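Note that the working numbering has the sequence shown beginning at 74, numbered continuously upward.
We treat Cβ as the ideally placed atom computed from N, Cα and C, and that holds for glycine.
Small disclaimer: the values here were computed from a predicted structure and weren't measured.
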Amino acid sequence: MRTSLLAALALLLAACAAPTPPENNITAPLEPLPASGYPAAACTAVTSPPQPGGDYLAGLPFDSLSAADWQRGPEDAFITILEYSDFECIFCAQLSGVLDELLARYPDELRVVYRHYPLTGTPEQPLHPKAALAMQAAEAAGKQGKFWEMHDLLFAQQASWSALSQAEFNGWLLNEAAAELELDANAFKEDLHSEELSAAAQAAWDWGQEIGLPGTPFLVINGQLYYGGPLDILSLDNIIQAKLLAQRQFHFCPEMALEPGARYTATLHTEHGQIVVELLPEVAPMAVNSFLFLVEQGWYENVTFHRVIPGFVAQSGDPSNTGYGDPGYFYAIETSPNLSFDRAGLFAMANSGPTANGSQFFITLGPAPHLNGGYTIFGEVIQGMDVVEQIQARDVSQQADLPPGDMLYRVSIEVH
Numbered sequence: 074m075r076t077s078l079l080a081a082l083a084l085l086l087a088a089c090a091a092p093t094p095p096e097n098n099i100t101a102p103l104e105p106l107p108a109s110g111y112p113a114a115a116c117t118a119v120t121s122p123p124q125p126g127g128d129y130l131a132g133l134p135f136d137s138l139s140a141a142d143w144q145r146g147p148e149d150a151f152i153t154i155l156e157y158s159d160f161e162c163i164f165c166a167q168l169s170g171v172l173d174e175l176l177a178r179y180p181d182e183l184r185v186v187y188r189h190y191p192l193t194g195t196p197e198q199p200l201h202p203k204a205a206l207a208m209q210a211a212e213a214a215g216k217q218g219k220f221w222e223m224h225d226l227l228f229a230q231q232a233s234w235s236a237l238s239q240a241e242f243n244g245w246l247l248n249e250a251a252a253e254l255e256l257d258a259n260a261f262k263e264d265l266h267s268e269e270l271s272a273a274a275q276a277a278w279d280w281g282q283e284i285g286l287p288g289t290p291f292l293v294i295n296g297q298l299y300y301g302g303p304l305d306i307l308s309l310d311n312i313i314q315a316k317l318l319a320q321r322q323f324h325f326c327p328e329m330a331l332e333p334g335a336r337y338t339a340t341l342h343t344e345h346g347q348i349v350v351e352l353l354p355e356v357a358p359m360a361v362n363s364f365l366f367l368v369e370q371g372w373y374e375n376v377t378f379h380r381v382i383p384g385f386v387a388q389s390g391d392p393s394n395t396g397y398g399d400p401g402y403f404y405a406i407e408t409s410p411n412l413s414f415d416r417a418g419l420f421a422m423a424n425s426g427p428t429a430n431g432s433q434f435f436i437t438l439g440p441a442p443h444l445n446g447g448y449t450i451f452g453e454v455i456q457g458m459d460v461v462e463q464i465q466a467r468d469v470s471q472q473a474d475l476p477p478g479d480m481l482y483r484v485s486i487e488v489h
């Protein structure tokens, strides 16, 4: 179990990394195709449809979610955040407020499940000496229907009670905390120190050590392990937005629908004006075909230019506006010996690897020869480069706390 979890941790957020240009051309260049026809569409990967309310923990060393779990939010929520937490952990206290805000933002789409991992340590190497008793207090309050009230109180007043001795903390729980939550004091006292809850606290620590749980807070977001990453509201909101995009994704490869001999122009309607792009189906039929399909489906309506680096690129095409989004299918890059990133105005697909073209595209703002061979050029701006140059610089891959990006309202297509 320990090995499987640690191996999974090594892959955390791997899909979120910014694409790195390859050193060499990793596909054979494609010669321009004759106007007589195009190859059949072929995707390299197609994602499976999401299963809301499904067992996101299948294949992971965690117990399946059940009615015994402490949870906030609807059971059929599309997003489930499973949190392993410790009441004496400072970062867990900070995360508690963030999760409350996310629940307020997504009342119908988000569920938060709380599980204990009290970092008690060992007698030889104690870590959080009051974590076990705090867990027992929350569970004892839970027996009276007030788990979440005790949860909130412990985190809200963590700075005060964490400075107390063990005996003083015990007294605070039995007196101030019990009174504030209007608990049955006698029942609370009996449950607080019961063998059942003492054993549960020890078992929670032992279990985490057995599977190699690295610390707290440890999150599992729809089956994705998340530990050590930023826990601010913007970062977690970006992850939720990317997960919610799965409801709009396509779980099939679009059929080839290009008309032999036809010319296609795309007009990007932005808040600064129009950008007209001549598409290149003879050079990049898969990219053009996918782009036309996504335009028809409304994929590019009201999205932002989420990554704009002066002198390099202006990137868009992700409805989650986070830089994480994809259409649910992927296809290989297409290159041509007659095209290179030698100028501004080239219209190309972003990717995270040679088989991972999706929906995100970029417009070059200058020469970028290091992209040659690694990215698909499938069009060129023929009108509106002055509009492109007005797009606000920003990069969500480097900084989450940014003002909204400039808007791409929609894309229209003309066939000639």
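Would you say the region 228-239 touches the region 181-188, given that touching needs at least three Cβ pairs under 8 Å?
-> In short, these stretches do not touch, since the Cβ pair count stays below three.
Which ranges would you report for the alpha helix (DSSP H) in the region 358-396 if only whole runs of at least 4 residues count?
-> 358-369
Exposure of Q320, with buried meaning 16 or more beta-carbon neighbours within 10 Å | exposed
Given that a residue counts as buried once 16 or more other Cβ atoms are within 10 Å of its Cβ, and exposed if not, what is D391?
-> buried
Would you say the region 390-407 touches the region 426-445, given that touching needs at least three Cβ pairs under 8 Å?
-> yes
Mind pulling the alpha helix (DSSP H) runs of 4 or more residues that sit fully within the region 284-330?
-> 306-317
Using 8 Å as the Cβ pair cut-off and three pairs as the minimum, do the region 242-249 and the region 306-320 touch?
-> no
S267 versus Q209: straight-line alpha-carbon distance, rounded | Taking the straight line from one Cα to the other gives about 9 Å.
Selected residue, minimal CA-CA separation from L353, among L155, H489, P191, L444 | H489
Distance, Cα to Cα, R336 vs E351?
-> 8 Å
Assign A260 to buried or exposed, taking buried as 16 or more other Cβ atoms, counted over all protein chains shown, within 10 Å of its Cβ.
-> Result: exposed.
How would you call A423, buried or exposed, if buried means at least 16 neighbouring beta carbons within 10 angstroms?
-> buried
Rounded to the nearest angstrom, how far is the Cβ of L341 from that of V484, given a contact under 8 Å?
-> Confirmed, Cβ separation roughly 6 Å.
Around the C-beta of Y482, are 16 or more other C-beta atoms found within 10 angstroms, so that it is buried, or is it exposed?
-> exposed
Answer with buried or exposed for I163, where buried requires no fewer than 16 other C-beta atoms within 10 angstroms of its C-beta.
-> exposed
C-alpha gap between P476 and P199, whole angstroms = Approximately 44 Å between the Cα atoms of the pair.
Is the region 270-278 in contact with the region 192-206, if contact means three or more CB pairs nearer than 8 Å?
-> yes
Opposing strand residues paired with V454 [DSSP bridges] = V350
Decide if S158 is buried, meaning its Cβ has at least 16 other Cβ atoms within 10 Å, or exposed.
-> buried
Tell me, which residues are paired with V488 by DSSP?
-> Y337
Using 8 Å as the limit for Cβ to Cβ distance, is A232 near chain D?
-> This model lacks chain D altogether, as it is built from one protein chain only.
Between the region 377-394 and the region 433-450, are three or more C-beta pairs nearer than 8 Å?
-> yes
On the three-state DSSP scale, how would you describe S158?
-> strand
Measuring CB to CB, does L514 end up less than 8 Å from I455?
-> The displayed coordinates of the chain run from 74 to 489. Any statement about residue 514 would go beyond what the structure contains.
Hey, how far is the Cα of L226 from the Cα of F160?
-> 10 Å
Start and end residues, beta strand (DSSP E) containing F435 | 434-437
For Y300, the nearest candidate out of D459, E156, T120 (CA to CA) | E156
Pick out whichever of R178, P134, L444 has its Cα sitting closest to the Cα of L286.
-> P134
Cα-Cα separation between S432 and D264, rounded to whole angstroms = 55 Å
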